[in-house]
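Here's the structure, in structure tokens; my notes come after.
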């Protein structure tokens with residue numbers, strides 16, 4: 001995760017590379033004028049002066065938290081994804097393992113500030129494309145109806161059906177697989 005933290009107009013701009021919640025760090029190349037700098041360690045940073053000069057810096061988690069704690073606390077939550085599985089040829093009957101996922105989803109939604117949800121229905125590869133397109137959309141609509149019943153305004157929910165185009169488990173066309181009969185909900 002990249003943090004761009006800026007101070008007053010005379011101070012340099014500060015760029016700090018933050019780890020994700022699992023501690024993983026990517027890399028960022030910063031260009032300024034004719035200069036180029038790579039930062040690829042947690043809490044490594046650059047001060048970029050108004051004239052474009054760059055100076056590498058190294059902070060600690062504690063110093064970043066002390067200096068930018070309020071700013072970091074204001075970030076929205078990271079998106080979360082939930083998968084609900086359905087029984088064969090059904091847009092309303094959930095697979096048994098999905099009830100635990102529904103409970104987790106409800107708990108997250110109860111604490112999420114102003115959620116925006118993307119709900120995408122999928123099918124397995126059995127049946128025609130036309131049939132599966134309709135079934136995947138009905139599955140997405142079923143989940144969207146559940147979400148509105150849970151208090152999420154309909155305008156905060158986007159739905160789509162992907163039919164059998166994006167199987168979770170790759171199978172030949174015409175082959176049924178319960179893992180592919182699903183709705184993926186992303187909360188942002």
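In full-length UniProt numbering, the protein residues as written are 1 to 188. Glycine included, every Cβ here is placed at the ideal spot set by N, Cα and C.
Candidates the options, of which the one nearest residue i by Cα
i           : options            : result
residue 160 : 147, 139, 178      : 139
residue 178 : 141, 99, 88        : 88
residue 154 : 141, 21, 80        : 141
residue 182 : 158, 148, 149, 119 : 119
With 16 other Cβ atoms within 10 Å as the buried cut-off, status of residue i
i           : result
residue 124 : buried
residue 122 : buried
residue 23  : exposed
residue 29  : exposed
residue 44  : buried
residue 59  : buried
residue 117 : buried
residue 99  : exposed
residue 127 : buried
residue 53  : exposed
residue 169 : exposed
Presumed contact (8 angstroms Cβ cut-off) between residue i and residue j, rounded CB distance
i           : j           : result
residue 112 : residue 187 : 6 angstroms
Close Cβ partners of residue i (< 6 angstroms) along its chain, the five nearest in sequence each way excluded
i           : result
residue 55  : 47
residue 40  : 27
residue 105 : 82
residue 19  : 25, 42
Own chain partners of residue i with C-beta closer than 7 angstroms, once the 5 adjacent residues on each side are dropped
i           : result
residue 101 : 82, 83, 84
residue 163 : 123, 129, 132, 133, 136
Cutoff 8 angstroms; reference residue i; Cβ partners in own chain excluding five residues on either side
i          : result
residue 70 : none
The alpha helix (DSSP H) enclosing residue i, as first and last residue numbers
i           : result
residue 132 : 129 to 149
residue 105 : 98 to 111
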